[in-house]
Each structure stands twice: as structure tokens, then as C-alpha cells.
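**Student:** Mapping the sequence shown onto this note's numbering, position 153 (from 1) lands on 669, and the numbers just tick up by one.
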Amino acid sequence: MAPTAAAACRLRPLPLGAARITGGRWAASQRANRAAIRAGPAGNGYAWLEAAAWEYAREPDAGLLRTLRAAPLPVREGQAGHLLRAAIALVRATGDRRPLQVATEVADALDGNPGCHPGLAMALVELFRETDHHRYLDLARQLVDAHGPTRPGYLAAGAADVAIEQDDGDLLDALTRHDPDAGGPGGLHWAWRMLLATGEPHYADAAERLLDDRDPRTLSSLDTYLATTDADGVQLHLHVPCRVTARLGEGRIQVAVETGDNRIRARVLDAPRREWTLSIRVPAWAGAAQLRLDGGRQRAWAGTYAEVVRTWQAGDTIELLLR
Numbered sequence: 517m518a519p520t521a522a523a524a525c526r527l528r529p530l531p532l533g534a535a536r537i538t539g540g541r542w543a544a545s546q547r548a549n550r551a552a553i554r555a556g557p558a559g560n561g562y563a564w565l566e567a568a569a570w571e572y573a574r575e576p577d578a579g580l581l582r583t584l585r586a587a588p589l590p591v592r593e594g595q596a597g598h599l600l601r602a603a604i605a606l607v608r609a610t611g612d613r614r615p616l617q618v619a620t621e622v623a624d625a626l627d628g629n630p631g632c633h634p635g636l637a638m639a640l641v642e643l644f645r646e647t648d649h650h651r652y653l654d655l656a657r658q659l660v661d662a663h664g665p666t667r668p669g670y671l672a673a674g675a676a677d678v679a680i681e682q683d684d685g686d687l688l689d690a691l692t693r694h695d696p697d698a699g700g701p702g703g704l705h706w707a708w709r710m711l712l713a714t715g716e717p718h719y720a721d722a723a724e725r726l727l728d729d730r731d732p733r734t735l736s737s738l739d740t741y742l743a744t745t746d747a748d749g750v751q752l753h754l755h756v757p758c759r760v761t762a763r764l765g766e767g768r769i770q771v772a773v774e775t776g777d778n779r780i781r782a783r784v785l786d787a788p789r790r791e792w793t794l795s796i797r798v799p800a801w802a803g804a805a806q807l808r809l810d811g812g813r814q815r816a817w818a819g820t821y822a823e824v825v826r827t828w829q830a831g832d833t834i835e836l837l838l839r
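#1: Do Leu581 and Val618 have their C-beta atoms within less than 7 Å of each other?
#2: Sorted by chain position, which residues of the same chain lie with C-beta nearer than 8 Å to Arg528's C-beta, five sequence neighbours on each side aside?
#3: Measure the beta-carbon distance from Gly819 to Pro717 and round it to whole angstroms, keeping in mind my assumption that it falls under 8 Å.
#4: Which residue comes first and which comes last in the beta strand (DSSP E) that contains Thr740?
#5: How about Ala672 and Leu643: are their beta carbons less than 7 Å apart?
#6: Spell out a yes or no on whether the segment 773-793 and the segment 821-829 are touching, meaning 3 or more CB-CB pairs, one atom from each, closer than 8 Å.
#7: Using the DSSP secondary-structure output, state which residues sit across from Gln751 in a beta bridge.
#8: In the DSSP assignment, the alpha helix (DSSP H) including Glu566 goes from what residue to what residue?
#9: My parser needs the beta strand (DSSP E) runs of 3 or more residues fully inside the segment 768-793; what are they?
#10: Answer yes or no: the CB of Gly674 versus the heavy atoms of the ligand MG, is any distance below 6 Å?
#11: For Arg839 and Leu785, I'd like the C-alpha separation in whole angstroms.
#12: Could you give the distance in angstroms between the alpha-carbon of Arg550 and the alpha-carbon of Arg574?
#13: Just to check my reading of the structure: Arg709 and Ala676 have Cβ atoms closer than 8 Å, yes? What is that Cβ distance to the nearest angstrom?
#14: Measuring only the C-alpha atoms, how far is Leu532 from Ala568?
#15: Return the bridge partner residues of Val760 from the DSSP annotation.
#16: Would you identify the three-state DSSP class for Arg826, choosing helix, strand or coil?
#17: Determine, using beta carbons only, whether Arg759 and Arg536 come nearer to each other than 7 Å.
#18: Need the endpoints of the beta strand (DSSP E) that Thr833 sits in, please.
#19: CB-CB under 6 Å to Ala543, same chain, minus the five flanking residues each way: which ones, in chain order?
#20: Give the DSSP bridge partners of Pro519, in chain order.
#21: DSSP on Gln806, reduced to helix/strand/coil?
#22: Rounded to the nearest angstrom, how far is the Cβ of Ala816 from that of Leu807, given a contact under 8 Å?
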């Protein structure tokens, strides 16, 4: 997702390519997923297109790009949400804006009669973000108002998108009563959007719990769930080996994360010459977590973010010990 500059977000997602998983179980799953994607579509062609687009953004490949550019975007009855998501993924991954023509034609045909495809509200908000045409955001709002914001899965995720873009505190409050575990695959999208909107760590706990290594779209876009930024610094949400690069004002932050034996070690590779905050999620299940920095240890509370504010330098390391 790519919230607009005016969106009511406590946290901001990183741009495509700014974070990368570097090892461990999820890297192995991503390699297997890439091989399956390169073998060609199977089953839901829209899902394959979306996964392939995110995979190209993760690791550009000339052969995959040729396949994506040659792939059609057929319009199928009742599949508008899937089509819009695939088209937007193609645009963001490749920079080719031609799929937007198909997407906008489909969305314009829905005006006044959007139906109730579960992922449509979420897709319409992304189309608004890509085109700056407010009618798509209004259409997403119409869907949410017609079917209720707390319906499980993708519709709740779309409602969270609407709340973020319209700064609707009442709608966001209603969404806090949603049960992500009842929502199937859409629960991950809801949890991530609620994390961005509120900054509350229990949504990151939910997102981690809801990760599905069977969904090629999740695996291809998994890097985008690793970290976020705000005006003060960088937040690390998922405990996987990775490298994260972010901008803070005019400066660049780069952090390498290693994991193992219930330890999460974050090493600063690059940092601006100013004070900023590095935050690491302490899972709700962690009973006796400790934070190690500069040879000392301090208690880290479960269900929070361990935050360290300092003028970081390349080579500085912080370690979270979980028990």
C-alpha cells in the first residue's frame, strides 16, 4: 500500500526495494516462490500477475519483465478487485502506467453499482492513491458504508484504508473491534493498515501471526512489512534477517538485522548526524525480554517497542533478548 502524503498515518511504509530479507526461513520461502512464479500462472491469473509484479519489484529480472509486459489483463465478471490490485502492482513495480487504463475503465464502470467483491474497497483506495481521483475513494467509502466496516478480511482492510485517507476517527475506532483471525487472508492486510494508522504494536503481533507462506502475493511483497518510518526514526516489526534503508530528512538510515537463538540484533550501517530513534518490537508473548546496548542491559516490556534515542553511528549495535 502507498498512503498519500495527507493520509492520517502514525507510521509510514517504506518504498518498494527499501527493505530486503537476507536469510532464514522466509528467504527460502521467497526463493521457492520466485521459482514457482517464473514457471507461469496457475489458478487465479490475477493473483499470479500481482505476485509476479511484486516479485519483479523485489528482484528485477529482464525475463520476468518481458512476461509481465506481455501478460493480458482480462476483464472478468465479479473479479474487479483482483484486476485492480494486479494492475496497480504492475504499475508500481515496473513504472509502466498502461495497466491503469484498464483499471480505471473497470472502476468507472462500477460507479453507482460496485457490488461486494471482498477486496474491491481496498483496491479502489489504492487506485485513488495512484491516480489522485477522489471518485475512487468515494466509491470505496460507499462499499464500506453499505456492508459495514467490521466485516472480516479484505473489506475491513479496505475500511482501514478509507479511515486513513479520510482521517475518520470513528471508522478507525470501529475497526479496533475487528477480529483479524476471523478474516482469512485479508486479516494480514487489515493488521498492517491498523499498525500504520495507530502505531500500536499488537497489530504487528497480529500481522506476524497471520503471515501465510502459501500465498505467493504475500511472499513476493513480504519485504514491505518489515519496517516503517516516522518523523523520529525507524521501527522494526518482523523478526527476520534483513537489511532496511530509510530516509530521515536529508539523511539516510541503514540497518542490518540478524536473528537466532531468541536474539534480534540490529546493527547500524549508516546514520545521519543527528539524534533519532531505533525501535524494535517486543512480542506480546515475550515474558522476560532484555535490551542490550553498550555492554549494559535493561528490561524490555512485552507488547511494546523497545526504543533507543541517540545519535547513532555506523557500527552501533542493539540486541533484543527474548525469553
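Beta carbons are placed, not taken as given, at the ideal position from N, Cα and C, and that holds for glycine.
Just so we're clear, the structure is a prediction, and the values are computed from it rather than from any experiment.
**Tutor:** If we stick to the structure as given:
#1: no
#2: Pro519, Leu712, Thr744, Thr745, Asp746
#3: 6 Å
#4: Careful: Thr740 lies outside any beta strand (DSSP E) and carries neither H nor E.
#5: no
#6: yes
#7: Thr744, Ser795
#8: 561-574
#9: 779-786
#10: With respect to small molecules bound, the structure shown includes none, and the ligand MG cannot be examined in it.
#11: 27 Å
#12: 10 Å
#13: 4 Å
#14: 14 Å
#15: Ala535, Val771
#16: strand
#17: yes
#18: 833-837
#19: Ile537
#20: Beta-bridge pairing links Pro519 to no other residue.
#21: strand
#22: 4 Å
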